[in-house]
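Student: Could you have a look at this structure, given as structure tokens, before my questions?
In my numbering, the protein residues as written are 1 to 169.
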């Protein structure tokens, strides 16, 4: 993926992030401007290009890149997103206590099946977000390791050139 294309995709995704997760913990995958894989590649490409261009600026936005990457995990199947949003809406405006949840189950507002699906989705989203964050940090460390190796190689070339000049003189 070319850096300018990656930047455009990341910008579109950032705009979706600003609105799609407002007031909730998940959103449907249909809200994404591209599929998750394309967005992941775009974020990594944009991050690597930013790393290459301006390391100081990148330091200021490192957490933003990491968060954007991690929040891809919050985009789930439409039915799952609806169930999570419905339960979150029913629990909003008050404490999220076990007794309140039992009342929602008892009065039929939520079935046990929908609540179980909510728990499953919540655990899956949490796990996926953890994995995505670890993946991002692994990529970030890889870039750092490559940059370190490039610096060492450059220093060795400079030293070799210096030695060569000394012996040629």
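For each residue, glycine too, the CB sits at the ideal point set by N, CA and C.
Would you check if the stretch 39-49 and the stretch 98-108 touch, i.e. whether three or more CB-CB distances between them fall below 8 Å?
Tutor: The stretch 98-108 is not in contact with the stretch 39-49.
Student: At what residues does the alpha helix (DSSP H) containing residue 33 begin and finish?
Tutor: Where residue 33 is concerned, there is no enclosing alpha helix (DSSP H), given that its DSSP letter is neither H nor E.
Student: Which of the three DSSP states is assigned to residue 122 in this structure?
Tutor: helix
Student: Just to confirm, are residue 86 and residue 117 a CB contact at a threshold of 7 Å?
Tutor: No.
Student: What would DSSP say about residue 16, mapped onto helix, strand or coil?
Tutor: helix
Student: If you draw a straight line from the alpha carbon of residue 174 to that of residue 75, how long is it in whole angstroms?
Tutor: In this structure the chain extends from 1 to 169, so residue 174 is not present and cannot be described.
Student: Per DSSP, which residues does residue 75 bridge with? Please list them.
Tutor: The partner list for residue 75 (beta bridge, DSSP) reads 27.
Student: By DSSP, does residue 2 sit in helix, in strand, or in coil?
Tutor: coil
Student: Using the rule of at least 16 other Cβ atoms within 10 Å of the residue's Cβ for burial, across every protein chain shown, is residue 1 buried or exposed?
Tutor: exposed
Student: I think residue 68 touches residue 17, with their Cβ atoms under 8 Å apart; what is that distance to the nearest whole Å?
Tutor: 6 Å
Student: Determine whether the beta carbon atoms of residue 132 and residue 72 lie at a separation below 7 Å.
Tutor: yes
Student: Since residue 78 and residue 28 are thought to touch, with beta carbons under 8 Å apart, how far apart are those beta carbons, to the nearest angstrom?
Tutor: 4 Å
Student: Helix, strand or coil for residue 8 per DSSP?
Tutor: helix
Student: Among 65, 36 and 39, which one has its Cα closest to the Cα of residue 50?
Tutor: 65
Student: If we ignore side chains and look at the alpha-carbon of each, how far apart do residue 128 and residue 162 end up?
Tutor: Distance between the alpha carbons of residue 128 and residue 162: 51 Å.
Student: What first and last residue would you give for the alpha helix (DSSP H) that runs through residue 99?
Tutor: 98-106
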